[in-house]
Amino acid sequence: MFFLVSKVLGFLIAPSNLLAAFGVVGAVLWIAGAGSLGGAVMTLSILGIAVCGLSPLANILLLPLEERFPRAPDGIAPAGIVVLGGSFDTLVAGARRDMSMTSAAERLTEIAGLARRWPEARIAFTGGSNQMVLDGATEADLAARLFESFGIAPERLVLEGKARNTVENARFVRDLVSPRPGERWLLVTSAYHMPRSMGCFRAADFAVEAWPVDYRTRGPQDAGRVFAAVSGGLGRLDVAVREWVGLVSYRMLGYVDALLPSP
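As C-alpha coordinates, this is what we get:
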(Lines of atoms letter the chains of each structure in order from A; the text may use other names.)
(Lines give C-alpha, C1' and ligand atoms only; values in the text may rest on other atoms or scores of the structure.)
Protein backbone atom coordinates (compact mmCIF):
# COMPACT_ATOMS: atom_id res chain seq x y z
CA MET A 1 0.00 0.00 0.00
CA PHE A 2 2.80 2.44 0.88
CA PHE A 3 4.44 1.78 -2.50
CA LEU A 4 1.20 2.58 -4.35
CA VAL A 5 0.50 5.70 -2.29
CA SER A 6 4.07 6.94 -2.69
CA LYS A 7 3.93 6.58 -6.48
CA VAL A 8 0.59 8.38 -6.75
CA LEU A 9 1.77 11.11 -4.37
CA GLY A 10 5.02 11.43 -6.29
CA PHE A 11 3.10 12.09 -9.49
CA LEU A 12 0.79 14.62 -7.88
CA ILE A 13 3.42 16.69 -6.07
CA ALA A 14 5.86 16.96 -8.99
CA PRO A 15 6.01 20.72 -9.72
CA SER A 16 5.99 20.15 -13.48
CA ASN A 17 2.76 18.14 -13.20
CA LEU A 18 1.13 20.64 -10.86
CA LEU A 19 1.95 23.59 -13.07
CA ALA A 20 0.64 21.79 -16.15
CA ALA A 21 -2.53 20.88 -14.24
CA PHE A 22 -3.07 24.56 -13.36
CA GLY A 23 -2.84 25.42 -17.03
CA VAL A 24 -5.44 22.79 -17.94
CA VAL A 25 -7.77 23.96 -15.18
CA GLY A 26 -7.39 27.53 -16.38
CA ALA A 27 -8.22 26.52 -19.93
CA VAL A 28 -11.30 24.59 -18.80
CA LEU A 29 -12.51 27.58 -16.78
CA TRP A 30 -11.98 29.83 -19.78
CA ILE A 31 -13.97 27.54 -22.07
CA ALA A 32 -16.70 27.19 -19.41
CA GLY A 33 -17.24 30.93 -19.43
CA ALA A 34 -15.20 32.00 -16.38
CA GLY A 35 -12.86 34.02 -18.54
CA SER A 36 -11.30 36.21 -15.87
CA LEU A 37 -10.65 33.38 -13.44
CA GLY A 38 -9.48 31.03 -16.19
CA GLY A 39 -7.10 33.65 -17.57
CA ALA A 40 -5.68 34.30 -14.10
CA VAL A 41 -5.07 30.59 -13.48
CA MET A 42 -3.41 30.13 -16.87
CA THR A 43 -1.22 33.18 -16.24
CA LEU A 44 -0.13 31.73 -12.89
CA SER A 45 0.68 28.46 -14.63
CA ILE A 46 2.84 30.14 -17.27
CA LEU A 47 4.64 32.32 -14.73
CA GLY A 48 5.17 29.33 -12.46
CA ILE A 49 6.69 27.30 -15.30
CA ALA A 50 9.01 30.16 -16.17
CA VAL A 51 10.13 30.87 -12.62
CA CYS A 52 10.52 27.22 -11.59
CA GLY A 53 12.18 26.25 -14.86
CA LEU A 54 14.66 29.09 -15.22
CA SER A 55 15.43 30.29 -11.68
CA PRO A 56 17.97 28.66 -9.31
CA LEU A 57 15.14 27.30 -7.12
CA ALA A 58 15.90 23.65 -7.93
CA ASN A 59 19.57 24.09 -7.07
CA ILE A 60 18.72 25.84 -3.82
CA LEU A 61 16.59 22.87 -2.77
CA LEU A 62 19.15 20.27 -3.86
CA LEU A 63 22.23 21.82 -2.29
CA PRO A 64 21.40 21.02 1.39
CA LEU A 65 20.88 17.39 0.37
CA GLU A 66 23.99 17.02 -1.78
CA GLU A 67 26.27 18.81 0.69
CA ARG A 68 25.03 16.85 3.72
CA PHE A 69 27.25 13.77 3.51
CA PRO A 70 30.86 14.04 2.29
CA ARG A 71 32.45 10.99 0.72
CA ALA A 72 33.99 8.57 3.20
CA PRO A 73 37.80 8.47 3.38
CA ASP A 74 39.53 5.59 1.63
CA GLY A 75 40.68 4.15 4.96
CA ILE A 76 40.80 0.39 5.38
CA ALA A 77 39.42 -1.84 2.68
CA PRO A 78 35.66 -2.31 3.07
CA ALA A 79 34.12 -5.72 3.52
CA GLY A 80 31.46 -4.74 1.05
CA ILE A 81 29.85 -2.03 -1.03
CA VAL A 82 26.09 -1.53 -1.23
CA VAL A 83 24.70 0.21 -4.30
CA LEU A 84 21.07 1.28 -4.47
CA GLY A 85 18.86 0.80 -7.51
CA GLY A 86 17.22 3.56 -9.49
CA SER A 87 19.64 3.50 -12.40
CA PHE A 88 17.69 1.32 -14.82
CA ASP A 89 14.53 1.99 -16.79
CA THR A 90 13.07 -1.47 -16.21
CA LEU A 91 10.12 -0.82 -18.49
CA VAL A 92 12.25 -0.02 -21.55
CA ALA A 93 14.88 -2.60 -20.64
CA GLY A 94 12.27 -5.34 -20.47
CA ALA A 95 10.80 -4.42 -23.84
CA ARG A 96 14.12 -3.88 -25.61
CA ARG A 97 16.02 -6.67 -23.89
CA ASP A 98 18.80 -4.20 -23.19
CA MET A 99 20.25 -2.35 -20.20
CA SER A 100 18.43 0.95 -20.53
CA MET A 101 19.78 3.34 -17.90
CA THR A 102 18.47 6.54 -16.30
CA SER A 103 20.21 9.78 -15.36
CA ALA A 104 21.34 8.07 -12.12
CA ALA A 105 23.61 5.67 -14.03
CA GLU A 106 26.68 6.89 -12.12
CA ARG A 107 25.53 4.81 -9.15
CA LEU A 108 26.45 1.77 -11.21
CA THR A 109 29.41 3.00 -13.25
CA GLU A 110 31.15 3.98 -9.99
CA ILE A 111 31.15 0.32 -8.99
CA ALA A 112 33.56 -0.58 -11.81
CA GLY A 113 36.30 1.52 -10.22
CA LEU A 114 35.50 0.58 -6.63
CA ALA A 115 35.52 -3.13 -7.46
CA ARG A 116 39.03 -2.78 -8.88
CA ARG A 117 40.24 -0.64 -5.99
CA TRP A 118 39.04 -3.15 -3.40
CA PRO A 119 39.11 -6.55 -5.15
CA GLU A 120 38.10 -8.48 -2.01
CA ALA A 121 34.99 -6.43 -1.25
CA ARG A 122 31.56 -7.90 -1.85
CA ILE A 123 29.26 -5.92 -4.14
CA ALA A 124 25.66 -5.84 -2.95
CA PHE A 125 23.03 -4.43 -5.28
CA THR A 126 19.49 -3.79 -4.06
CA GLY A 127 16.66 -2.83 -6.39
CA GLY A 128 13.57 -4.55 -7.71
CA SER A 129 11.17 -2.59 -9.84
CA ASN A 130 9.64 0.85 -9.37
CA GLN A 131 6.92 0.31 -11.95
CA MET A 132 3.31 -0.24 -10.87
CA VAL A 133 2.24 -1.77 -14.19
CA LEU A 134 3.71 -2.96 -17.49
CA ASP A 135 6.93 -4.12 -15.90
CA GLY A 136 9.40 -6.28 -17.76
CA ALA A 137 12.61 -6.68 -15.73
CA THR A 138 14.08 -6.21 -12.27
CA GLU A 139 17.00 -3.93 -11.62
CA ALA A 140 18.89 -6.74 -9.90
CA ASP A 141 18.79 -8.87 -13.07
CA LEU A 142 20.07 -5.97 -15.15
CA ALA A 143 22.75 -5.09 -12.60
CA ALA A 144 24.04 -8.67 -12.67
CA ARG A 145 24.56 -8.39 -16.43
CA LEU A 146 26.23 -5.00 -16.16
CA PHE A 147 28.58 -6.04 -13.35
CA GLU A 148 29.54 -9.12 -15.34
CA SER A 149 30.50 -6.83 -18.23
CA PHE A 150 32.72 -4.92 -15.75
CA GLY A 151 34.59 -8.17 -15.12
CA ILE A 152 33.35 -8.57 -11.53
CA ALA A 153 33.35 -12.21 -10.49
CA PRO A 154 29.83 -13.57 -9.82
CA GLU A 155 30.87 -14.94 -6.42
CA ARG A 156 31.47 -11.38 -5.22
CA LEU A 157 27.92 -10.30 -6.01
CA VAL A 158 24.93 -10.19 -3.71
CA LEU A 159 21.78 -9.32 -5.65
CA GLU A 160 18.53 -8.26 -3.99
CA GLY A 161 15.64 -7.88 -6.43
CA LYS A 162 12.49 -7.31 -4.36
CA ALA A 163 12.96 -3.87 -2.77
CA ARG A 164 10.71 -1.14 -4.16
CA ASN A 165 11.78 1.79 -1.97
CA THR A 166 14.66 2.91 0.22
CA VAL A 167 13.23 1.41 3.41
CA GLU A 168 13.10 -2.00 1.78
CA ASN A 169 16.54 -1.50 0.23
CA ALA A 170 18.07 -1.16 3.69
CA ARG A 171 16.15 -3.99 5.33
CA PHE A 172 16.37 -6.54 2.54
CA VAL A 173 20.05 -6.10 1.73
CA ARG A 174 20.93 -6.19 5.45
CA ASP A 175 19.24 -9.57 5.75
CA LEU A 176 21.12 -10.88 2.72
CA VAL A 177 24.65 -9.76 3.60
CA SER A 178 24.37 -10.17 7.41
CA PRO A 179 27.07 -7.57 8.20
CA ARG A 180 29.32 -8.51 11.11
CA PRO A 181 30.21 -6.12 13.93
CA GLY A 182 33.25 -4.09 12.98
CA GLU A 183 32.94 -4.68 9.25
CA ARG A 184 33.20 -1.64 7.02
CA TRP A 185 30.51 -1.19 4.36
CA LEU A 186 30.15 1.66 1.88
CA LEU A 187 26.83 2.93 0.54
CA VAL A 188 26.73 4.19 -3.04
CA THR A 189 23.78 6.28 -4.19
CA SER A 190 23.02 9.72 -5.64
CA ALA A 191 24.25 12.57 -3.44
CA TYR A 192 20.79 14.13 -3.16
CA HIS A 193 19.38 10.77 -2.02
CA MET A 194 22.10 10.08 0.54
CA PRO A 195 20.45 11.71 3.62
CA ARG A 196 17.29 9.61 3.29
CA SER A 197 19.32 6.49 2.49
CA MET A 198 21.61 6.88 5.48
CA GLY A 199 18.60 7.42 7.71
CA CYS A 200 17.00 4.19 6.48
CA PHE A 201 20.17 2.14 6.90
CA ARG A 202 20.65 3.47 10.43
CA ALA A 203 17.07 2.56 11.27
CA ALA A 204 17.75 -0.94 9.89
CA ASP A 205 20.81 -1.20 12.16
CA PHE A 206 23.15 -1.54 9.19
CA ALA A 207 26.21 0.67 9.69
CA VAL A 208 27.37 2.06 6.34
CA GLU A 209 29.58 4.93 5.25
CA ALA A 210 28.42 7.38 2.60
CA TRP A 211 29.92 7.29 -0.89
CA PRO A 212 27.80 9.83 -2.79
CA VAL A 213 27.83 10.02 -6.59
CA ASP A 214 25.62 11.49 -9.31
CA TYR A 215 25.87 15.11 -8.16
CA ARG A 216 23.47 17.47 -9.91
CA THR A 217 25.08 20.71 -8.65
CA ARG A 218 28.66 21.99 -8.64
CA GLY A 219 28.37 23.23 -5.06
CA PRO A 220 27.22 26.40 -3.22
CA GLN A 221 28.04 28.56 -6.25
CA ASP A 222 25.05 27.03 -8.03
CA ALA A 223 22.63 28.66 -5.57
CA GLY A 224 22.59 31.63 -7.94
CA ARG A 225 22.88 29.83 -11.27
CA VAL A 226 19.90 30.08 -13.62
CA PHE A 227 18.96 27.40 -16.14
CA ALA A 228 19.35 27.76 -19.88
CA ALA A 229 16.18 25.75 -20.58
CA VAL A 230 12.88 25.47 -18.75
CA SER A 231 12.96 21.69 -19.09
CA GLY A 232 16.27 21.48 -17.22
CA GLY A 233 15.06 23.51 -14.26
CA LEU A 234 11.71 21.76 -14.01
CA GLY A 235 13.29 18.30 -14.22
CA ARG A 236 15.73 19.09 -11.45
CA LEU A 237 13.01 20.70 -9.35
CA ASP A 238 10.91 17.53 -9.63
CA VAL A 239 13.87 15.55 -8.28
CA ALA A 240 14.44 17.97 -5.38
CA VAL A 241 10.80 18.18 -4.34
CA ARG A 242 10.35 14.41 -4.54
CA GLU A 243 13.36 13.92 -2.25
CA TRP A 244 12.21 16.49 0.31
CA VAL A 245 8.69 15.04 0.36
CA GLY A 246 10.26 11.61 0.79
CA LEU A 247 12.24 12.82 3.79
CA VAL A 248 9.19 14.39 5.40
CA SER A 249 6.98 11.33 4.82
CA TYR A 250 9.65 8.90 6.05
CA ARG A 251 10.07 10.98 9.23
CA MET A 252 6.32 11.08 9.83
CA LEU A 253 6.07 7.31 9.35
CA GLY A 254 9.04 6.64 11.63
CA TYR A 255 11.27 5.18 8.93
CA VAL A 256 14.06 7.62 9.83
CA ASP A 257 14.82 9.25 13.19
CA ALA A 258 15.50 12.75 11.84
CA LEU A 259 14.03 14.94 9.12
CA LEU A 260 17.48 15.49 7.65
CA PRO A 261 19.91 12.82 8.91
CA SER A 262 23.39 14.13 9.59
CA PRO A 263 26.89 12.63 9.21
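Numbering-wise (the UniProt record's numbering), the sequence shown opens with residue 1 and increments by one. Virtual Cβ for every residue (Gly too), placed ideally from N, Cα, C.
Reference residue i; option with closest CA among the options
i           : options                   : result
R116        : A153, P212 and R107       : A153
E168        : F147, R202, F150 and R156 : R202
E155        : P119, A204, W185 and R97  : P119
A27         : T109, T43, S197 and R216  : T43
P15         : C52, S36 and G35          : C52
S103        : V245, G235 and G254       : G235
D205        : D257, Y192, D214 and G161 : D257
V164        : G182, E243 and T138       : One point to set straight first is that residue 164 is Arg, not Val, in the sequence displayed. Among G182, E243 and T138, the Cα nearest to that of R164 is on T138.
S231        : G48, P181 and E106        : G48
V92         : I76, S45, E106 and L142   : L142
S45         : S36, L37 and A20          : A20
A50         : A34, G233 and L253        : G233
residue 266 : D98, W185 and R180        : This structure does not reach residue 266, given that the chain is present from 1 up to 263, and the question cannot be answered.
V208        : Q221, L186 and P220       : L186
G219        : G161, P70, F11 and L18    : P70
V25         : G35, V41 and D74          : V41
Where residue i falls: helix, strand or coil (DSSP)
i           : result
P179        : coil
L134        : Here the model assigns L134 a pLDDT of 48, short of 50, so the residue's position is not dependable, and the following value carries that caveat. If DSSP states are grouped into helix, strand and coil, L134 belongs with coil.
R122        : strand
A77         : coil
A27         : helix
E110        : helix
F172        : helix
F201        : helix
A20         : helix
T102        : coil
F147        : helix
A32         : coil
F69         : coil
L9          : helix
T90         : helix
residue 264 : Outside the shown range of the chain (1 to 263) lies residue 264, about which nothing can therefore be said.
T166        : helix
A258        : coil
S55         : coil
Expected contact under 8 Å - CB spacing of residue i and residue j to nearest Å
i    : j    : result
A124 : I81  : 7 Å
A121 : A79  : 6 Å
I13  : V245 : 6 Å
E243 : H193 : 6 Å
Cβ pair residue i, residue j closer than 8 Å
i           : j    : result
V158        : V177 : yes
L237        : L57  : yes
E248        : L259 : Rather than Glu, the amino acid found at residue 248 in this sequence is Val. In this structure, L259 lies closer than 8 Å to V248 by Cβ.
T166        : R196 : yes
A223        : L63  : yes
residue 266 : T126 : In the structure displayed, the chain extends from 1 to 263; residue 266 sits before or after that span and is not available.
Y215        : E110 : no
S87         : L108 : yes
V173        : S190 : no
A72         : A210 : yes
G199        : P261 : yes
A112        : G128 : no
S55         : V226 : yes
W30         : G38  : yes
Near the ligand HEM: residue i beta-carbon under 7 Å from a heavy atom
i   : result
G39 : Ligands in the displayed structure: none, and consequently the ligand HEM is not present.
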